[in-house]
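Shown next, in structure tokens, is the structure this report addresses.
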Amino acid sequence: MSEGDINGPFPIPVSREDQEAWIEAVLATEGVNLPRGALENIAPFIVDPDETLSEHDPDGVRTLKASAVRRIRTDAGDMVVAVVRMHGVGGVLWGHNERISSIWRSVADPTVGRDTERTLTSVRPWTSVGDDGRETCFAALESVAANRDTLIMNCEDAADELKRRDRVRPYDLEEDLVLNGQQDPGMYIAQQVKIEEASERASDGDPSYPDSYWGWMAVRGNNRTQKRQSIFRLTSSEVLSGVPAEKLEREGDEIICDPRDWLPEFSTVLNREFAEADGDELDPTSGSRARRAAAIAVVDAHLVIGTPTPQRLYRIVQMNNRRDHVHPPLEFDALDRSRALGRSVLGMYVAQQVMDEKTAEVLSGLAPIRELPEASADMTVSELRDLRSMRLLQELFPVDPHKRHLLRRALSENPPSQLKSGEINQRARTWSALTSESYPQPWNPRVGQVFSTRAREGIALSGRRLPDLLAAADTDDDAFDELVSYRAAHWLASFGIIEPDRGSLDGQEAIGDGGELIRRSRRTVMNCLQALRYEKSRMMAVGVLKSLAAAMDDGDRRPWRVSGSGKEMPGREMTPLWFDSAFPKDTGTRPRKTVAAAPGLPTTVAVPAPLTSPSPPASSLVASKPARPPAPTLPTAVPVQSKGPATDELDGPAPAPEEPLTLEALMARIEEQIRGLHEASAEIGGLFGRLADQSRAASVDRPVSRQRADATVRLLNQTLSRLRGLPEVLEEMTEPV
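The opening residue of the sequence shown carries number 18 in our numbering; numbering runs sequentially from there.
What follows is the structure in structure tokens.
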């Protein structure tokens, strides 16, 4: 039936015979492998289905016209799409929409199922067992809901969250649809939701509700679907699970589930309302429902009807929608954007056969961690979370050149050798955002920005299990560093102990032990990790890590504080203020005690000796020949109050105490020291160049031992850590602009 034959703008479904003819033609089209039940659900919504069909072939078979079929290729695989005109009320909001994915508890969290709420079950390919007993996969999805109420609640939660996210849009989408109609088609995929709980029986003995529901979920166009249905005064949950009789102007409290029954009546009601409002001026905000909905009575839609790899259908449709949203200024927030980017990478890995489907499902947050081959029955919650997070880390910072190439394609990066800090941070945020799916609450993914550009070479882990690392961290430097570098930030963030620096000069507020608000100092995540690494705090730092892991294993309760020796103090909760006190921020301005305390400013003393960090004997230096010239000595300026030796350990007499300086003299001394530091940094760079030149002349490839280089780099990093805080100290004493 054409729109011209309808008394009003809202189309009445074609006859069931014509619907069946359309279904048969779709199933006969090359590349289509869709369940019949899915087509039976959408057929009433298709307007002028005969217009999409070809003429009969010599065998009397009709298929979809070539103009009504599109074959789309993505990095995750290919799919077949039917181009149709659909009743504007059609389609269902998708809870698995990645733009709102962070509102749900993920099945990748080992604690899901312990009285948790807002949890979506995994979607999986729709399968059917044939007469030969073999299971066949189709181009549709299926999932399970505990009961019909849960199904409805998930739809409503998705709609509510979309409304909140839509507030960032620079225009009113609903008003735009009323005035201009829908300009771009949405994309929909078939999904069957099965109900676990048996339905109550009606008076005639039949079930009150079906045991499963077919719906066409909006892969692209969730906002448009929600706004259209809002204009029609229906909800996605009603389109999916049944429309109340009162909305069809029937008597009683019956729920009509089959769209072949309720859609004709609904369109009839709308056409009558439209006729009654004939001549009224269109009010885009509060006018007649039928008048407001007229521009969206019929919309263009793309229906996913086939794929050669149905087992990857979920990834394929997500990949098709993802690229438009993961880059600003579109509507994904930072957390959902980072998760979507990560899933793009994992989807590409699967399509390129460098990762199996099950592993990708777990890492994407679509399957429990225990389904990983490496997971064992004795693993605790903390170890399961760690297993997934470390696997994600290695997939996003791979050593394998082929995976690096795929990452570059998925994330639009520079060549690996030219990766910049912004691209490294994007990967780090992606790792952090996906890791947070294994925890009760997500954190700001900027917590994960803890890597230098050296991470472009990939990250190789020891492969040791978490309990082994924790047990050895007291004395094993490698175990301790691996825990602090790759676990500590996320663990602390998961309990709200640390968060990324917000960039506010006013700092951040925390609640004190007495309930009062106390302003915290600004500090970065890297500053927090560096504080954990201080050698004098090591036992306490290890104790903190063990306390955090124990809290996870004990139902994600609050972690306990630890003593200076690393022993837990049960009953005393770990808080952000306690952490700041136990592991204070290092600004480079806090003086250190010296053997000979003297008033006045710290002075610098030229020391014509190697760096004072522990140095190996000459025999420990790595050499490619039996004999070689020693590495040149680097003259160093060591601050008296730094980690270098105390003044009484230096050759020669200690400098005499200085008289107190005036403010002007103090500032002049500061400027002099900074100029000296600037010149010294240039001289050190030149000395490195001389070291390289002399090494080449002596045919020595590696003139510095690993132990000596580590000690030197450690001192450089400590110096840089102190210097970073000085601009802020100066700014606080500087007159305003």
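Ideal Cβ positions, reconstructed from N, Cα and C, are used throughout, including at glycine.
Measure the Cβ-Cβ separation of Val561 and Ala477 and say whether it is below 9 angstroms.
Contact flag unset, no.
For the 8 angstroms Cβ check, are there 3 or more pairs between the segment 62-69 and the segment 30-44?
Taking 8 angstroms as the limit for Cβ pairs, the verdict is that the segment 30-44 does touch the segment 62-69.
Leaving aside the five residues before and after Pro385 along the sequence, list all residues of the same chain whose C-beta is less than 6 angstroms from its C-beta, in chain order.
Closer than 6 angstroms at the Cβ level, and outside the excluded window around Pro385, lie Val124.
Are the CB atoms of Val542 and Ile515 nearer to each other than 9 angstroms?
Yes; because the gap between Cβ atoms is below 9 angstroms, this pair is in contact.
If contact is defined by three or more beta carbon pairs under 8 angstroms, each pair taking one atom from either stretch, is the segment 401-412 in contact with the segment 372-387?
The segment 372-387 vs the segment 401-412: in contact.
Using C-beta distances below 8 angstroms, list every residue in its chain close to Pro459, excluding the 5 sequence neighbours before and after it, in chain order.
Around Pro459: Ser119, Leu352, Ala450 and Ser453.
Given this structure, state the Cα-to-Cα distance separating Glu752 from Gln435, to the nearest angstrom.
Their Cα atoms are separated by approximately 41 angstroms.
Let me know the secondary structure DSSP gives Pro224 once reduced to three states.
Pro224: strand per DSSP, three-state reduction.
To which residues of the same chain is Arg332 closer than 6 angstroms at the C-beta, ignoring the five residues directly before and after it?
Closer than 6 angstroms at the Cβ level, and outside the excluded window around Arg332, lie Ala93 and Gly364.
In whole angstroms, what is the alpha-carbon distance linking Arg87 and Asp494?
If you take the alpha carbons of Arg87 and Asp494, they lie about 58 angstroms apart.
Could you name the residues that DSSP lists as bridge partners for Thr144?
Its beta-bridge partners are Cys154.
When you compare each of Ala318, Pro26 and Trp448 to Glu290 by their alpha carbons, which one comes out closest?
When each option's Cα is compared against that of Glu290, the closest is Pro26.
For Leu423 and chain B, any beta-carbon pair shorter than 9 angstroms?
In summary, chain B is missing from the structure at hand, where a single protein chain is found.
By DSSP, does Met170 sit in helix, in strand, or in coil?
Looking at Met170 - three-state DSSP - the assignment turns out to be helix.
For Ala99 versus Trp143, is the C-beta spacing smaller than 9 angstroms?
No, Cβ-Cβ distance for Ala99 and Trp143 is not below 9 angstroms.
In angstroms with no decimal places, state the Cα-to-Cα distance between Gln735 and Leu549.
Cα-Cα distance, rounded: 13 angstroms.
By Cβ distance, which residues of its chain are closer than 8 angstroms to Leu265, with the 5 residues on each side in sequence left out?
Around Leu265: Ile273, Trp279, Glu282, Phe283 and Val286.
Using the Cα positions of Gln724 and Arg116, report the straight-line distance between them to the nearest angstrom.
Near 48 angstroms, if we compare the C-alpha coordinates of Arg116 and Gln724.
Helix, strand or coil for Pro593? Go by DSSP, reduced to three states.
Three-state result, Pro593: helix.
Considering only the beta carbon of each residue, do Ala312 and Leu413 sit closer than 9 angstroms?
Contact flag unset, no.
Of all the options Val746, Ser716 and Ser698, which has the alpha carbon lying nearest to the alpha carbon of Met684?
Minimum Cα distance to Met684 is reached at Val746.
Anyone know if the C-beta pair for Leu404 and Leu158 falls short of 9 angstroms?
Contact flag unset, no.
Assess contact between the segment 416-435 and the segment 353-362, defined as three or more Cβ pairs (one per stretch) separated by less than 8 angstroms. Is contact present?
They touch, by the three-pair rule.
Which value, in whole angstroms, describes the spacing of the CA atoms of Leu694 and Phe705?
Their Cα atoms are separated by approximately 16 angstroms.
Which residues in the same chain have their Cβ closer than 8 angstroms to the Cβ of Met556, if we skip the five residues on either side of it in sequence?
Result list for Met556: Asp491, Gly581, Ser582 and Gly583, in chain order.
Rounded to whole angstroms, what's the CA-CA distance from Arg741 to Pro601? Just pull it up for me.
Taking the straight line from one Cα to the other gives about 15 angstroms.
Count the other C-beta atoms from every protein chain shown that fall within 10 angstroms of the C-beta of Ser355, then say buried if there are 16 or more, exposed otherwise.
Looking at its Cβ environment, which holds 16 or more other Cβ atoms inside 10 Å, Ser355 is buried.
Could you check which residue in Ser32, Gly323 and Pro224 has the C-alpha nearest to that of Leu81?
Nearest C-alpha to Leu81: Gly323.
Rounded to whole angstroms, what is the Cα-Cα separation between Ser511 and Asn461?
So the alpha carbons of these two residues sit roughly 10 angstroms apart.
Round the Cβ separation of Gly147 and Thr153 to the nearest angstrom and send it over; I've been treating them as touching at under 8 angstroms.
Contact flag correct, Cβ pair sits at about 6 angstroms.
Could you compute how far the alpha carbon of Ser554 sits from the alpha carbon of Gly588?
Those two C-alpha atoms are separated by around 22 angstroms.
Could you check what DSSP says for Val256 in three-state terms: helix, strand or coil?
Of the three classes helix, strand and coil, the one that applies to Val256 here is helix, per DSSP.
For Thr285, which residues does DSSP report across the bridge?
BP columns for Thr285 are empty, so no partner.
Put Trp448 into one of helix, strand or coil per three-state DSSP.
Here Trp448 sits in helix by DSSP.
Could you tell me which residues DSSP puts in a beta bridge with Ala207?
Beta-bridge pairing links Ala207 to Trp233.
Extract the residue ranges of the alpha helix (DSSP H) inside the segment 451-495, only unbroken runs of 4 or more that lie entirely within it.
483-489, all fully within the segment 451-495.
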